[in-house]
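Heads up: the structure comes next, in C-alpha cells.
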Amino acid sequence: MAADAYSDNTGRRYSIEYAMIRDINDQAWRADLLGRLLKNRDAHVNLIPLNPTPGSKWTASRKKDEMEFVKILEDYGVTVTVRDTRGREIDGACGQLAAAEKV
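So the number in the numbering used here is just where the residue sits in the sequence shown, counting from 1, plus 2.
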C-alpha cells in the first residue's frame with residue numbers, strides 16, 4: 003500500500019479519514035474488513051460522522067453503530083478517533099453551511 007511506503011520512508015503515521023453514513027458504510031462487517039486491512043500498520047482512523055444537510059437522503063450513523071465500529075477497530079489494535087461535530091445543531095458544521103439555501 004502506498005501509505006505504508008510513506009510511513010516507512012518518513013517514520014510518520016498516516017490517517018484514514020472515514021465519513022460514516024447511516025446504513026451505507028457503518029456496518030460491523032465493514033469495520034471488520036477495515037480492521038483486518040489496517041492491523042499491524044502505522045495507521046490511524048479518523049471517523050467522521052456525516053453532518054445532515056438539507057435535501058440529502060444521507061445522515062449520520064446511529065451512536066450505537068458508531069461505538070461498535072470504534073470497538074471493532076480498536077480490537078484489531080487500530081487507533082481511532084471520532085471527529086467532533088460542533089455546530090451541527092445550528093447547521094454550522096462542516097458541509098452544512100455550503101448546503102444552506104439562500105433566501
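Note that beta-carbon positions come from the ideal geometry of N, C-alpha and C, so glycine has one too. Bear in mind the structure is a predicted one, so any value in this text is a computation, not a measurement.
- Taking a C-beta distance under 7 Å as the contact criterion, Ala45 and Ile18 qualify as a contact pair.
- In the DSSP annotation of this structure, the continuous segment of the beta strand (DSSP E) that includes Leu49 starts and ends at 45-51.
- For Ile74, the enclosing alpha helix (DSSP H) covers residues 65-77.
- Only residues of its own chain outside the window of five on either side were considered, and among them Ile18, Val47, Leu75, Tyr78, Val80 have a CB closer than 8 Å to the CB of Leu40, listed in chain order.
- Assignment of Ser17 by DSSP, reduced to helix, strand and coil, places it in the strand class.
- The shortest CA-to-CA distance from Met22 to any of Ala4, Asn53, Lys59 is the one to Asn53.
- DSSP places Thr81 in the strand class (E or B) of the three-state scheme.
- Within the same chain, Cβ atoms closer than 8 Å to the Cβ of Arg24 are found at Leu52, Trp60, Thr61, Ala62, Ser63, Arg64, Asp67, the five residues on either side in sequence being excluded.
- Under DSSP, Ile26 shares a beta bridge with no residue.
- Secondary structure note for Asp10: its alpha helix (DSSP H) is the uninterrupted segment 4-12.
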